[in-house]
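Structure record follows, encoded as structure tokens.
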Amino acid sequence: MSVPRLRRHPLLASARASADRRGRSRGLTLIEILVVLFIIVLIMWSATVSMGAAAQAEVVRGTNQLASTIRFCYDRARFTGAYYRLHIDFEKRSFQIQRADDAMYLPSTDLDGALFKRDERDLEDQDERDKQAAEAYYSSIASAYLDQQGGGDPLDPYAVSKKEVPRARKPLFDSFESDGTLGELAEPLIFPEGVEIISVQTDSDPEPITEGEADLYFFPRGQTQHAHIQLKGRPKLRQRLVGEEDVVYTIIVQPLTGKVTVESELIALELPDLVGDEEDDQGNKKERRSF
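In terms of UniProt numbering, the sequence shown opens at residue 1 and continues consecutively.
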């Protein structure tokens, strides 16, 4: 005996299908939303930390690059016998190695960094000494007699000719030789983004230079200027969150050995103590610093 199959009522079937569709189209639960938000925050935090670490790495790279350039300048001047300088531009945030076309000397300055001024009497005495040196060095009775008689031989290599005493002039500095010997160092090097020059001070500067341009000189006998160069950059994200200040470095250059050290703090250059007044070759008293 067969049992008759019950038919599903159309209204019940329609209600069940509608419930299934509502179940499939329902939104995310609270736990699922929190998990998604956590993943998004984690990704953003990782990206920000990576950017902060990259910014600090740029500061370290720029500092090490400048320190290496200073060491290179010192060795280059000592081995080639030429005069070099490191030219730093605050506005362009760049530095460049330059070589002088002639010997150069740093001018004498007083305690405030101003050039020593010579009065008119000193200048007249200097002119008189220059004239006497020119006559004693370049002139002779024989050369004057030959010139008057017209018997001088222009091809005689031993003939004494009158010359002008060369006067000291300011040397011209330019980038390295154009044959590309030093490659990209001939062009100014720009500091990485986010790296700032705080100050540059040498033992010839009474106060730190914080704007414009600054120079550090290197001499052939293995000497340079005692200098402190301060740089700063942005810290990492977690350091900024706890209120830490910018990352700072001080490049210290020793004058006699050319040794370059990098300190992770701002260190001011301490100028040497004053000594008693001394007289120059003109009998004038002047102040200078002891080393």
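C-beta atoms are modelled at their ideal positions from N, C-alpha and C, and glycine is treated no differently.
Neighbour-count burial assignment, residue i, 16 or more Cβ in a 10 Å radius
{"i": "F79", "result": "exposed"}
{"i": "S264", "result": "exposed"}
{"i": "V36", "result": "exposed"}
{"i": "V260", "result": "buried"}
{"i": "G62", "result": "buried"}
{"i": "P272", "result": "exposed"}
{"i": "G81", "result": "exposed"}
{"i": "A77", "result": "buried"}
{"i": "S199", "result": "buried"}
{"i": "I190", "result": "exposed"}
{"i": "V247", "result": "buried"}
{"i": "V41", "result": "exposed"}
{"i": "R121", "result": "exposed"}
{"i": "I251", "result": "buried"}
{"i": "E135", "result": "exposed"}
{"i": "I88", "result": "buried"}
Whole-number beta carbon distance between residue j and residue i, since they are thought to touch under 8 Å
{"i": "Q225", "j": "L269", "result": "The pair is not a contact, with the Cβ atoms about 10 Å apart (cut-off 8 Å)."}
{"i": "F95", "j": "L66", "result": "6 Å"}
{"i": "I197", "j": "L231", "result": "6 Å"}
Terminal residues of the beta strand (DSSP E) in which residue i lies
{"i": "R85", "result": "84 to 89"}
{"i": "K232", "result": "227 to 233"}
{"i": "R99", "result": "94 to 100"}
{"i": "residue 306", "result": "This structure leaves residue 306 out entirely; the chain is present only between 1 and 291."}
{"i": "A214", "result": "213 to 219"}
{"i": "E263", "result": "260 to 263"}
{"i": "I252", "result": "247 to 253"}
Option in the options with minimal Cα separation from residue i
{"i": "P188", "options": "Q126, E120, K92", "result": "K92"}
{"i": "Y249", "options": "V262, G258, L256, T257", "result": "V262"}
{"i": "V253", "options": "K232, Y217, R221, I190", "result": "Y217"}
{"i": "R221", "options": "E135, I33, L256, A214", "result": "L256"}
{"i": "I206", "options": "I197, I190, H228", "result": "It is Pro, not Ile, that sits at residue 206 in the sequence shown. If we check each option's Cα against that of P206, H228 comes out closest."}
{"i": "I70", "options": "V60, Y84, A57, E193", "result": "Y84"}
{"i": "E213", "options": "C73, F38, S68, L86", "result": "L86"}
{"i": "E193", "options": "E124, V59, I40", "result": "V59"}
{"i": "C73", "options": "V247, Q223, R234, D130", "result": "Q223"}
{"i": "residue 292", "options": "F219, T29, G233, I251", "result": "Since the first residue of the chain shown is 1 and the last is 291, residue 292 is not available in this structure."}
{"i": "S204", "options": "D215, D125, E135, V195", "result": "D215"}
{"i": "V195", "options": "I209, E211, I33, R234", "result": "R234"}
{"i": "G258", "options": "L123, I31, S68", "result": "S68"}
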